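A.B. asks:
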DNA sequence: CATCGCCATTGACACGTTTCAATGCCGCCT
DNA sequence: AGGCGGCATTGAAACGTGTCAATGGCGATG
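Residue numbers (my numbering), protein chains in the order written: chain A, 1017 to 1364; chain B, 1017 to 1364.
Encoded structure:
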């Protein structure tokens, strides 16, 4: 057996150069600007690369260029299908330009978001797509100050003078839910919200109220708000009791949840009490995650274009990276109501 | 306003050194071995770091050390909650040791798995946790040859002489499902499998057969296999027709699905035909994803310790990274059946 | 035949960090 | 007082790559 590996020292560009009988610079050219090197030597170099199993060292490369060729995607909860679908969109578009995507999970925690931002800055990431915790854009701005272009996605808000952003019109989403429920004759609606202070929830609630006001209903009287600790199914399930109990007025005939996860929890909670949607309570969710169409009855929900959201964000980022004098853009989608079985006309 | 940023050249360790009136080496020491530097200078350096907003460049650091401090996690489908829960486990354990996790999505495609492996090799990742596409461990082995320690997770198989691995006993899982269904009086069972050739599916099926044989039933007569194109809900929904049609014998009274996603699709498909589990068909899934407990009826399923799987894999990897003379281990979990409403005694 | 220009290739340097042997300083012991 | 040990700090080298001005060879042109 021949000594195929002369030493355990990793093989570098110089080893390849030696083997092919050329200089290191030429090898680098073969890798990065193949057109500048003659056919013959290019083949010799390529063979050497293959024979030595050379893989280039991106530390060296990035050090030299001052920039890495991967972008970061900071997501609020890898476990939530909404975010992973967004991630798909980002990945697919990034792949078109040969950029690698590093998926980072802030788990809705400010400290982890900060850690992620630091990591990306240390790696001199080419860019970042950030869905900020609690709409806290400080880390995004810090990243930009460090020279890492960042795009804001889905939450939070910054002026178009500082960064690109992609969002969905939560006001319109809330209003769409309102119109749907009104059309079915519901006039006492509970809004099941997440933790207090989430801008996202507040806006959807406001949309709901405005939708009610549109047809002359008094939002204050018609809607009651219940807060939960987290935007997940468990919280939704626990909240059922409080939702059903009703407010100072009567028991509600419909509930509009800030989130599909919450809504799914509510559906489960109803089942456990021998009740069900829509006969005992009409239920509307928000997001249209895959599960929404799998449960029975299907969940009526305000659908967000998740995949497109990711694509759009990545496109904006690419635009900023490639175009030297780029001007920030704001892309805003309008959500669409998807009607399934969890809502029906009010019979009370 | 003072010129807070003298130039747009990024600030490096030398700028910090100059500002603090020390050498670059000392700054490096403050960062990496603070105990070697005197209290006074340490504070001076820390102040300079803060004032200049210095963040260290990991390219330089990694170049010097020959190794990066992040590990890669190659996952089959970011969209599937099973994998994201595993990812959580990996992340949490990695965080204990200050390692960053780069989540890469192979999307069940061999070429993307290869690309991911290449990326990790180029970055000289500290290690990798790989869930191989089709059990194809070639890329894992290649990574190891490149000096990147890799742990095998959930699928595929390599001897303990080449790498650590973590898996769940699919044979036992299949048998558990079998015993449950037999106990309920089912004797004609359809196994709803994924694409042909998936080792994972084959083993679960074999477990099912062995479970039946245990009580003297003829596996060949009792179980029929239906293949789907993908392991997702859509495929499951489409397969309902074929499942219900039954084989050369009678129509089945129960279906055991290779995957919760498939099972959820089946439940939906039944509903669309005015049928339901468990009265028309008992349904058993595999994985116990969150949705399994949210649908109505709840999905009886073979639960895998997803989070623990991720933790275990990362622990093994850490062990290999820290212990110079490390010997590979094989960790194997036993799944547990979770009984919910989608299965009942056979009344036919 | 001499000169010019073109093209492929080279060689050296820069990127930002870590490491390690060498330096200088101070206090302690004899 | 002189010498020695310990400790904080320094300076230079090294990591692997990309870039760019300089080099050398070759063919074409006058």
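The beta-carbon is built from N, C-alpha and C at its ideal position, and this holds for glycine as well.
Predicted model only: the values in this text are computed from it and were never measured.
Is the segment 1283 to 1303 of chain A close to the segment 1166 to 1182 of chain A, with three or more CB pairs under 8 Å?
C.D. replies: Taking 8 Å as the limit for Cβ pairs, the verdict is that the segment 1166 to 1182 of chain A does not touch the segment 1283 to 1303 of chain A.
A.B. asks: Look at the alpha carbon of residue 1193 of chain A and the alpha carbon of residue 1277 of chain B, and state the distance between them as a whole number of angstroms.
C.D. replies: Looking at the two C-alpha atoms, the distance is approximately 29 Å.
A.B. asks: Are at least three pairs of beta-carbons, each pair with one atom in the segment 1254 to 1269 of chain A and one in the segment 1238 to 1245 of chain A, less than 8 Å apart?
C.D. replies: Yes, the segment 1254 to 1269 of chain A touches the segment 1238 to 1245 of chain A.
A.B. asks: Name the two residues that bound the continuous beta strand (DSSP E) containing residue 1090 of chain B.
C.D. replies: First-last of the beta strand (DSSP E) with residue 1090 of chain B: 1086 to 1091.
A.B. asks: Using beta carbons (cut-off 7 Å, strictly below), is residue 1072 of chain B in contact with chain A?
C.D. replies: Yes, residue 1072 of chain B counts as interfacial toward chain A.
A.B. asks: State yes or no: is the C-beta of residue 1333 of chain B within less than 7 Å of the C-beta of residue 1167 of chain B?
C.D. replies: Contact: yes.
A.B. asks: At a CB distance below 8 Å, what residues from the segment 1294 to 1313 of chain A approach chain B? Give them in sequence order.
C.D. replies: Answer set for the segment 1294 to 1313 of chain A: 1306, 1307, 1309, 1310, 1311 and 1312.
A.B. asks: Report the rounded CA-to-CA distance for residue 1103 of chain A versus residue 1255 of chain B, giving the unit in angstroms.
C.D. replies: So the alpha carbons of these two residues sit roughly 29 Å apart.
A.B. asks: Just grab the DSSP bridge partners of residue 1352 of chain B for me.
C.D. replies: Its beta-bridge partners are B:1319.
A.B. asks: Check whether the segment 1343 to 1350 of chain A touches the segment 1313 to 1331 of chain A, taking contact to mean three or more Cβ pairs, one atom from each stretch, closer than 8 Å.
C.D. replies: Judged by Cβ distances under 8 Å, the segment 1343 to 1350 of chain A makes contact with the segment 1313 to 1331 of chain A, as three or more pairs qualify.
A.B. asks: On the criterion of 16 or more Cβ atoms from any shown chain inside 10 Å, does residue 1030 of chain A qualify as buried, or is it exposed?
C.D. replies: That one is exposed.
A.B. asks: Distance, Cα to Cα, residue 1046 of chain A vs residue 1143 of chain A?
C.D. replies: So the two alpha carbons sit approximately 27 Å from each other.
A.B. asks: Do the segment 1061 to 1071 of chain A and the segment 1032 to 1048 of chain A touch if we need at least three Cβ pairs shorter than 8 Å?
C.D. replies: These segments touch.
A.B. asks: With a threshold of 7 Å between beta carbons, is residue 1075 of chain B in contact with chain A?
C.D. replies: It does: the Cβ of residue 1075 of chain B has a partner Cβ on chain A nearer than 7 Å.
A.B. asks: Three-state secondary structure (DSSP) at residue 1036 of chain A?
C.D. replies: Three-state DSSP puts residue 1036 of chain A in a helix.
A.B. asks: Which bits of chain B does residue 1097 of chain A rub up against, with CB to CB less than 8 Å?
C.D. replies: Here the neighbours are 1095 and 1097.
A.B. asks: Under 7 Å between C-beta atoms, does residue 1275 of chain A make it to chain B?
C.D. replies: It does not; no Cβ of chain B falls within 7 Å.
A.B. asks: Counting only beta-carbon separations shorter than 7 Å, does residue 1018 of chain B have a partner in chain A?
C.D. replies: Bear in mind that the predicted position of residue 1018 of chain B carries a pLDDT of just 42, short of 50, making it too unreliable to give a figure here.
A.B. asks: Taking 8 Å as the limit between beta carbons, can you name the residues of its chain near residue 1227 of chain A, skipping five residues before and five after?
C.D. replies: The answer, listed in chain order, is 1190, 1191, 1192, 1193, 1194, 1195 and 1198.
A.B. asks: Drop a sphere of 10 angstroms on the beta-carbon of residue 1252 of chain A, count the other beta-carbons inside from all chains shown, and report buried for 16 or more, exposed for fewer.
C.D. replies: Label assigned to residue 1252 of chain A: buried.
A.B. asks: Count the other CB atoms, across all protein chains shown, that sit within 10 Å of the CB of residue 1203 of chain A; report buried if there are 16 or more and exposed otherwise.
C.D. replies: With 16 or more other Cβ atoms within 10 Å, it is buried.
A.B. asks: Which residues in chain A have a C-beta closer than 7 Å to the C-beta of residue 1118 of chain B? List them in chain order.
C.D. replies: By Cβ distance, chain A contributes 1118.
A.B. asks: Assuming residue 1140 of chain A and residue 1082 of chain A form a contact by the criterion Cβ under 8 Å, report the distance between their Cβ atoms to the nearest whole angstrom.
C.D. replies: Indeed they touch by this definition, with Cβ atoms about 7 Å apart.
A.B. asks: Please determine whether the Cβ atom of residue 1267 of chain B lies at a distance below 6 Å from any heavy atom of the ligand MN.
C.D. replies: For the ligand MN, the structure offers nothing, since it holds no ligand at all.
A.B. asks: Do we get a CB-CB distance below 7 Å when we pair residue 1137 of chain A with the residues of chain B?
C.D. replies: Taking Cβ atoms only, chain B reaches closer than 7 Å to residue 1137 of chain A, which makes this a yes.
A.B. asks: Residue 1180 of chain B lies in the beta strand (DSSP E); which residues open and close that run?
C.D. replies: Residue 1180 of chain B -> no beta strand (DSSP E), and no H or E assigned at all.
A.B. asks: Give the list of continuous alpha helix (DSSP H) stretches no shorter than 4 residues that lie fully inside the segment 1216 to 1244 of chain A.
C.D. replies: Segments of the alpha helix (DSSP H) lying fully in the segment 1216 to 1244 of chain A: 1235 to 1238.
A.B. asks: Give the DSSP bridge partners of residue 1205 of chain A, in chain order.
C.D. replies: Answer by DSSP bridge pairing, in chain order: A:1239 and A:1270.
A.B. asks: Taking the alpha carbon of residue 1092 of chain A as the point to measure from, which residue in A:1111, A:1071 and A:1119 has its own alpha carbon closest?
C.D. replies: Answer by Cα proximity: A:1119.
A.B. asks: Extract the residue ranges of the alpha helix (DSSP H) inside the segment 1059 to 1112 of chain B, only unbroken runs of 4 or more that lie entirely within it.
C.D. replies: You should have 1074 to 1081 and 1097 to 1112.
A.B. asks: Give a yes or no on whether 7 Å exceeds the smallest Cβ distance from residue 1156 of chain B to chain A.
C.D. replies: Not closer than 7 Å to any Cβ of chain A, the Cβ of residue 1156 of chain B fails to qualify, so no.
A.B. asks: Strictly under 7 Å for the Cβ-Cβ distance: is residue 1287 of chain B near chain A by that measure?
C.D. replies: Yes - at least one Cβ of chain A is within 7 Å of the one on residue 1287 of chain B.
A.B. asks: Identify whether residue 1022 of chain A lies in helix, strand or coil by the three-state DSSP scheme.
C.D. replies: Note that residue 1022 of chain A scores 45 on pLDDT, short of 50, meaning its location in the model is unreliable and no value can be drawn from it.
A.B. asks: What did DSSP end up calling residue 1346 of chain B once you bin it into helix, strand or coil?
C.D. replies: Of the three classes helix, strand and coil, the one that applies to residue 1346 of chain B here is strand, per DSSP.
A.B. asks: Residue range of the alpha helix (DSSP H) that residue 1251 of chain A falls in?
C.D. replies: Taken as a continuous stretch (DSSP letters only), the alpha helix (DSSP H) holding residue 1251 of chain A covers 1249 to 1261.
A.B. asks: Which first and last residues belong to the beta strand (DSSP E) in which residue 1167 of chain B is found?
C.D. replies: Taken as a continuous stretch (DSSP letters only), the beta strand (DSSP E) holding residue 1167 of chain B covers 1165 to 1169.
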